[in-house]
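One structure below.
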Amino acid sequence: MHSRLREPSRVEQRAKSLPTSGDPHHLGTTHHLGRLWHAFSDGSLIPVVAGGAVNVEVVSVTPELPTLLTISETARELRVAKSTAAALVARGDIESVIVGERSRRVPRESLLAYIDSLRGE
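Laid out in structure tokens, this is it:
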């Protein structure tokens, strides 16, 4: 039976790079296969709770959007293809502005208003 190989997390990589003299010290937590583990300087992983690891959901925190977004940034925020975002802008579904002579940008408020309008459908 073959086990699935995975890349070690940053915490695990740090654990392997530290000297192992003395008692191992806690480096933080890491998640593997949807479970949360304590990582120690000797490379060991211990479940967060005594009865076993807990299931975790990874939640990404979106940083503040820029005031004006490119079509590519708009597509990334909507998780659609760049051509789809460009079509939404061309149709006027998402308001855009021209900066300079030819640079088209989507104001943050316009993108958020479009997303709000989707909730109403």
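Numbering-wise (numbering that gives the first Met the number 0), the sequence shown opens with residue 0 and increments by one.
Using N, Cα and C, we set each Cβ at its ideal position, and we do this for glycine too.
Length of the line joining the Cα atoms of Arg-78 and Asp-115
Rounded to whole angstroms, the separation of the alpha carbons of Asp-115 and Arg-78 is 15 Å.
Rounded to the nearest angstrom, how far is the Cβ of Thr-73 from that of Leu-110, given a contact under 8 Å?
A Cβ-Cβ separation of about 6 Å places Thr-73 in contact with Leu-110 under the 8 Å criterion.
Among residues of its own chain, excluding the 5 on either side of Ile-45, which ones have a beta-carbon nearer than 8 Å to its beta-carbon?
Within the same chain, and ignoring the five residues on either side of Ile-45 in sequence, the residues whose Cβ sits closer than 8 Å to its Cβ are Trp-36, His-37, Phe-39.
Nearest by alpha-carbon distance to Asp-92: which of Leu-64, Tyr-113, Pro-23, Ile-70 is it?
Cα-wise, what sits closest to Asp-92 is Tyr-113.
So what does Gly-27 bridge to, in DSSP terms?
Gly-27 is bridged to Ala-38.
Under the assumption that Ala-85 contacts Ile-70 (Cβ atoms under 8 Å), give the Cβ distance between them as a whole number of angstroms.
That belief holds up - the Cβ atoms of Ala-85 and Ile-70 are roughly 5 Å apart, short of 8 Å.
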